[in-house]
Amino acid sequence: VESNRDAADAVLEGKVDAAIIPTPIAAGYPSLNTVTTTEPLPFLAVSVSPNVPPATAKALQNALISLSQTPAGEALLKASQLRAFTIANDQEYAGSEKLLEGTFGY
């Protein structure tokens with residue numbers, strides 16, 4: 012499958028028996044049955060290529076962080092089933108390095 016949503020759809024269509032789907036995505040599929048949950052992992056990280064100029068990276072960061080401060084931004088977050096963007100730090104990913112190894116953007 013190409014995405015977490017594809018995985019959820021595959022379960023609902025009977026193409027697979029089960030899938031690992033992040034809780035925020037699974038919440039959008041009320042007919043899915045949760046078998047088990049794990050300790051929370053950081054969700055939906057956004058990273059910027061080292062080739063992006065620092066001023067552009069900072070502008071993107073500021074735009075994402077400020078989404079929850081405007082009606083249009085709040086509407087976008089709600090439509091995306093997100094509450095807000097925050098600045099991540101290494102401590103949030105401590106212990107997840109092995110799991111995230113090889114993941115694009117990590």
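For what it's worth, this note's numbering labels the leading residue of the sequence shown as 12, then goes sequentially.
Quick reminder that beta carbons are idealized off the backbone N, C-alpha and C, glycines included.
Go ahead and label residue i buried or exposed: buried means 16 or more other beta carbons lie within 10 angstroms of its beta carbon, across all protein chains shown.
i     : result
Ile31 : exposed
Ala18 : buried
Ala83 : exposed
Ala95 : exposed
Ala37 : buried
Between residue i and residue j, how many whole angstroms is the CB-CB distance? I'm expecting something under 8 angstroms.
i      : j      : result
Pro53  : Tyr104 : 6 angstroms
Leu75  : Val57  : 7 angstroms
Tyr40  : Leu23  : 7 angstroms
Ala29  : Val12  : The Cβ separation is near 13 angstroms, so there is no contact.
Thr48  : Thr34  : 7 angstroms
Ser118 : Leu88  : With the chain running from 12 to 117 in the structure shown, residue 118 is simply not present.
Assuming residue i is part of the alpha helix (DSSP H), what are its boundary residues?
i      : result
Thr5   : The chain is shown only over 12 to 117; residue 5 falls outside these bounds and no answer can be derived.
Gln92  : Gln92 -> no alpha helix (DSSP H), and no H or E assigned at all.
Glu108 : Glu108 to Leu111
Gln80  : Counting along the chain, Gln80 falls outside any alpha helix (DSSP H), and DSSP gives it neither H nor E.
Glu13  : First-last for Glu13: undefined, no H or E at that position.
| task | Go through the region 15-52 residue by residue and report every complete run of the alpha helix (DSSP H) that reaches 4 residues or more, in order. | result | The region 15-52 contains these whole alpha helix (DSSP H) runs: 15-23 and 34-37.
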